[in-house]
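Take a look at the structure set out below.
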Ligand code: GDP
Ligand code: MN
């Protein structure tokens, strides 16, 4: 009889390894912020990403954590990723609440949100995470050589085959920010954010792009924020946009107001508002064909052709897109669908 090795080697040697090595790739990586305790759920997210997309591409992964990753974490992740995996620790200065933040005021802010039953209302580490994702991840040494990233999280799902390279798509079309789910932000987490944004744009009108996406985020020409934002647990975006002068000035200004700690500003509205003001409206892209789930919401392609080609496991009838809490209607109206 033929030894088992023969059957294994047939598959492994056929095309895959060679194809991956020669594959045209963008200067891109996945980015995952995770805790050691997120091990199983991170492995599951990466496993699905590999099956649905990355095993045909071999893009690398950058894993970041405010603590050192354990050897077990690395061993389990290395086993599922087709591309190289880099593990990094977030420097303290990019993570912990800065000294100049008034701790009494921050405590009162947290107590208020706890009293209001706002999710993560009392959590300092959640605020650290939001501020890090807003202002620092793209400065991490492990990300310096990359331009494009796809952010994923532990415990998310990819419901369809991704039969194209979203990074090359972004690059070829000059896109800046890609999303799959958009919704309203809780107003209690951002009471003064929009006022702060308006203050900034008055100070720095030079950063505001003509033909931006303000019309998606405001129903009255910028006076008030309608709270629509892109859900940032999924992002495919250009780090050079975050590293550029407009966003750098914007983040520094927001950070100086302390709202990441006095309130609970999320990286989702912060990124979204920036993409909406400092990029051209055509540079924001809705990835309809990428079926995606982050508890409790799922985006499932509604176009039957897309759904079939993607061999999607999700039910389009259950897609979040036209849920009452989704901002997809605003997006459709804005782009003229
Ligand atoms: P949610 O999606 O808003 O409910 O928040 P998550 O708990 O999913 O956190 C968002 C992301 O940040 C996930 O990738 C988490 O693994 C990560 N994260 C949140 N808090 C921490 C933390 O304290 N340390 C680390 N290393 N990662 C965190
Ligand atoms: Mn999450």
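In our numbering, the protein residues as written are 413 to 749.
Glycine included, each C-beta is placed from N, C-alpha and C at the ideal position.
I'd like the span of the alpha helix (DSSP H) that includes residue i, first residue to last.
i: residue 525; result: 515-527
i: residue 609; result: 605-615
i: residue 653; result: 651-655
i: residue 746; result: 740-747
i: residue 671; result: 671-674
With distances taken from CA atoms, which of the options is nearest residue i?
i: residue 509; options: 553, 477, 533 and 539; result: 539
i: residue 570; options: 625, 537, 713 and 504; result: 713
i: residue 750; options: 485, 654 and 703; result: This structure does not reach residue 750, given that the chain is present from 413 up to 749, and the question cannot be answered.
i: residue 738; options: 507, 527, 479 and 594; result: 594
i: residue 601; options: 573, 564, 502 and 671; result: 671
i: residue 693; options: 435, 517 and 626; result: 626
i: residue 491; options: 699, 688, 458 and 614; result: 458
i: residue 687; options: 460, 706, 609 and 701; result: 609
i: residue 708; options: 731, 715, 691 and 697; result: 731
i: residue 556; options: 696, 644, 439 and 720; result: 439
i: residue 659; options: 616, 644 and 418; result: 616
i: residue 513; options: 580, 484 and 543; result: 543
i: residue 563; options: 683, 444, 590 and 414; result: 444
i: residue 668; options: 454, 547 and 484; result: 547
i: residue 695; options: 590, 550 and 475; result: 590
i: residue 436; options: 577, 647 and 698; result: 577
i: residue 725; options: 745, 704 and 511; result: 704
i: residue 646; options: 561, 747 and 517; result: 561
i: residue 614; options: 744, 580, 689 and 482; result: 689
i: residue 698; options: 648, 592, 623 and 721; result: 592
i: residue 588; options: 716, 489, 702 and 652; result: 652
Mapping DSSP to helix, strand and coil, what is residue i?
i: residue 560; result: strand
i: residue 627; result: helix
i: residue 551; result: helix
i: residue 460; result: helix
i: residue 685; result: helix
i: residue 647; result: strand
i: residue 601; result: helix
i: residue 620; result: coil
Whose C-beta lies closer than 6 Å to the C-beta of residue i among residues of the same chain, with five residues either side of it excluded?
i: residue 597; result: 639, 641 and 681
i: residue 520; result: none
i: residue 746; result: 627 and 628
i: residue 567; result: 453
i: residue 716; result: none
i: residue 554; result: 474, 498 and 500
Could you pull out every residue in the same chain whose Cβ sits closer than 7 Å to the Cβ of residue i, ignoring the five residues on either side in sequence?
i: residue 486; result: 499
i: residue 612; result: 662 and 665
i: residue 723; result: 572 and 573
i: residue 494; result: 432, 462, 466, 467 and 470
i: residue 533; result: 522, 525, 526 and 676
i: residue 604; result: 671 and 675
i: residue 685; result: 609 and 629
i: residue 728; result: 712, 713, 714 and 719
i: residue 700; result: 713, 715 and 718
Closer than 8 Å by C-beta to residue i: which residues in its own chain qualify, once you throw out the five before and the five after it? Chain order, please.
i: residue 636; result: 606 and 630
i: residue 479; result: 447, 448 and 501
i: residue 734; result: 740 and 741
Which residues bound the beta strand (DSSP E) around residue i?
i: residue 413; result: It is not in any beta strand (DSSP E) - residue 413 carries neither H nor E in the DSSP assignment.
i: residue 444; result: 440-445
Please determine whether the Cβ atom of residue i lies at a distance below 7 Å from any heavy atom of the ligand ATP.
i: residue 466; result: In terms of ligand content, the structure shown lacks the ligand ATP and carries the ligand GDP and the ligand MN instead.
Problem - 4 or more residues per run - each alpha helix (DSSP H) lying fully within the region 563-598 - result: Taking only runs of at least 4 residues, the alpha helix (DSSP H) segments lying wholly in the region 563-598 are 578-585.
Handout entry: beta strand (DSSP E) runs wholly inside the region 687-738, at least 3 long, in chain order
Key = Listed in chain order, the complete beta strand (DSSP E) runs (minimum 3 residues) inside the region 687-738 are 696-698, 704-706 and 709-711.
Exercise for the section: At 4 residues or longer, and completely inside the region 451-512: list those alpha helix (DSSP H) runs for me, N to C. Expected result: Fully enclosed alpha helix (DSSP H) runs of 4 or longer: 451-464 and 483-492.
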